[in-house]
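Note sheet for the following structure.
Below you can see the structure in the form of structure tokens.
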């Protein structure tokens with residue numbers, strides 16, 4: 005009896021929350037939470053994904069050359085990079101829900117500004133702030149979902165949420181196909197404000213972030229976060245509501261009904277004395293918690309996962325963002341048995357160099373080259389393929405572990421990337437691109453799940469934000485380097501990416517198995 009009492013006293017509040025979630029079980033609330041996350045993920049994907057599709061339609065209206073297009077593609081990631089770490093710290097300090105509302109509400113506001121833009125500079129600035137709002141919302145969304153699950157199902161739920169990004173990649177090109185193939189033009193104030201098809205496209209896309217803002221407003225705060233702030237009564241109230249919602253049983257039957265009685269009494273006494281915790285004190289407590297990240301072994305985990313994210317997400321976003329452009333090139337140069345992907349790309353690069361050297365004095369009328377139907381269909385096919393690996397990893401992740409899945413995925417990715425060099429048909433090209441993007445996206449999700457698992461609740465969002473900052477650095481470097489390497493020959497970028505994935509595969513073997521204590 006003494007041993008049992010001692011064991012009970014040694015239990016942490018986070019272990020109590022985990023047991024409470026097991027009593028609540030996976031149910032209606034979690035399905036609702038994943039549906040809300042899906043809407044948010046589509047809004048997030050559109051921050052970068054919409055730019056790739058609107059460039060051909062807007063190039064004449066905004067007088068964009070290749071340099072301006074590249075800068076516009078990269079600008080959201082600059083906003084993400086500058087805001088991500090600070091947003092992660094503040095989210096761990098002040099709560100997940102507040103920053104989800106700020107992120108998606110701000111995203112809606114700046115997408116409306118982007119849709120109303122009449123100059124390239126306004127669109128560029130709006131995209132920068134969209135990226136900043138993305139950084140605020142994305143890490144909070146992932147953390148909130150993971151913190152509503154007990155440890156036995158957390159990996160599967162995180163992978164499920166990540167798989168929704170693949171589903172979003174089906175929805176985004178489908179919406180672009182439905183809107184950007186139209187020819188809309190509305191003029192206001194004697195032509196001072198002109199809204200073209202791409203303006204209306206951004207207006208329509210902004211509705212996703214507005215709906216995400218409304219839906220997340222109805223989701224409760226994370227009980228695990230509330231526990232770190234010593235708000236036991238509020239956390240317990242939320243857990244009871246989830247129990248009633250998931251099981252349909254009255255609160256009296258909840259096994260953890262009398263949990264934290266002593267802590268709640270102390271909390272009530274403290275509240276009577278202090279009334280509330282000042283923001284300055286919350287920030288001070290948050291800074292104290294950060295020390296955990298710079299101690300062994302957390303700092304080593306942070307460096308390891310950050311480096312993996314830099315390479316995996318960098319490659320993933322390069323191929324994802326450049327695929328519509330490469331697909332358009334393939335539409336122009338029909339590849340066959342004697343004309344593979346690299347021959348087509350090298351021809352295109354040679355033509356661009358020739359045009360650049362033969363500058364004429366005749367001013368030509370700008371005619372936007374809209375993407376063909378084939379490009380949208382190929383993008384939708386890629387999105388469909390990206391969903392499949394999640395079903396496999398969702399089943400295997402608890403049986404074989406994330407480390408084994410990362411190594412196997414890395415090997416598949418290396419082989420498929422090298423195979424792109426010799427892709428001699430449209431079907432082969434789309435298939436190999438889809439495999440590489442699908443596998444790297446799955447690897448990204450596995451690394452995210454490892455981050456959630458290895459870092460405690462008090463610094464979890466900050467850790468996710470810091471590793472995502474590394475991912476955005478990789479994306480910026482990759483998008484700048486890809487056209488430079490392509491200019492040296494088609495073989496160079498694909499073999500370079502295969503080498504990068506070889507490094508990731510080796511590093512994956514050093515991932516620890518130890519889980520965070522809370």
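Residue numbers (my numbering): 5 to 522.
Here a beta-carbon is modelled for each residue, glycine too, at the ideal position from N, C-alpha and C.
None of these values were measured; they are calculated from a predicted model.
Item	Value
Sort out for me which residues DSSP pairs residue 244 with in a bridge.	DSSP, once it has assigned bridges, lists no residue as partnering residue 244.
Flag this pair as touching only if the region 123-140 and the region 405-420 have three or more C-beta atom pairs under 8 Å; answer yes or no.	no
Which ranges does the alpha helix (DSSP H) cover as unbroken runs of at least 4 residues, wholly within the region 31-98, from first to last along the chain?	32-62 and 70-98
Leaving out five residues before and five after residue 172 in sequence, what residues of the same chain have Cβ atoms less than 6 Å from its Cβ?	45, 46 and 49
Would you give the residue range spanned by the beta strand (DSSP E) that residue 189 belongs to?	189-192
Using only CA atoms, which one of 190, 214, 145 and 325 lies nearest to residue 487?	325
Is it buried or exposed for residue 187, if we count other Cβ within 10 angstroms and need 16 for buried?	exposed
What is the DSSP secondary structure of residue 223, counted as helix, strand or coil?	coil
Quick one, are the C-beta atoms of residue 145 and residue 222 less than 8 Å apart?	no
Alpha carbon to alpha carbon, what distance is there between residue 110 and residue 233?	26 Å
Among 88, 168, 185 and 34, which residue has its Cα nearest to the Cα of residue 59?	185
Could you check where the alpha helix (DSSP H) with residue 401 kicks off and where it finishes?	377-404
Who are the Cβ neighbours of residue 138 in its own chain at under 6 Å, not counting the five residues just before and after it?	48, 51 and 84
Less than 8 Å separating the beta-carbons of residue 512 and residue 414?	yes
Can you tell me whether residue 404 is buried or exposed? The criterion is at least 16 other CB atoms within 10 Å of its CB, across all chains shown.	exposed
Would you mind stating whether residue 176 and residue 31 have Cβ atoms separated by less than 8 Å?	no
Helix, strand or coil: how does DSSP classify residue 203 here?	helix
Using only alpha-carbon positions, find the residue among 334, 123, 315 and 489 that is nearest to residue 476.	315
DSSP state of residue 483, grouped into three classes?	helix
I'd like the list of long-range same chain contacts for residue 438, defined as Cβ closer than 6 Å, with 5 residues on each side in sequence excluded.	386 and 389
Check residue 313 in the structure and name its three-state DSSP category.	helix
So for residue 250, helix, strand or coil by DSSP?	helix
Distance check for residue 93 and residue 367, CA to CA, integer angstroms please.	For residue 367, the predicted model reports a pLDDT of 47, less than 50, meaning its position is unreliable; a value from the coordinates is still stated below. In a straight line, the C-alpha of residue 367 is about 52 Å away from that of residue 93.
Considering only DSSP beta bridges, list what residue 511 is partnered with.	Answer is none; residue 511 lacks a bridge partner.
From residue 479 to residue 154, what distance separates their C-alpha atoms?	33 Å
Closer than 7 Å by C-beta to residue 446: which residues in its own chain qualify, once you throw out the five before and the five after it? Chain order, please.	393, 394, 397 and 413
Less than 6 Å between C-beta atoms, sequence neighbours within five positions excluded: which residues of the same chain meet that for residue 180?	57
Once DSSP output is grouped into helix, strand and coil, what is the label at residue 363?	Reliability of the predicted coordinates at residue 363 is poor, the pLDDT of 49 falling under 50, and the value obtained from them is presented with this limitation in mind. The answer is coil: DSSP assigns residue 363 none of H, G, I, E or B.
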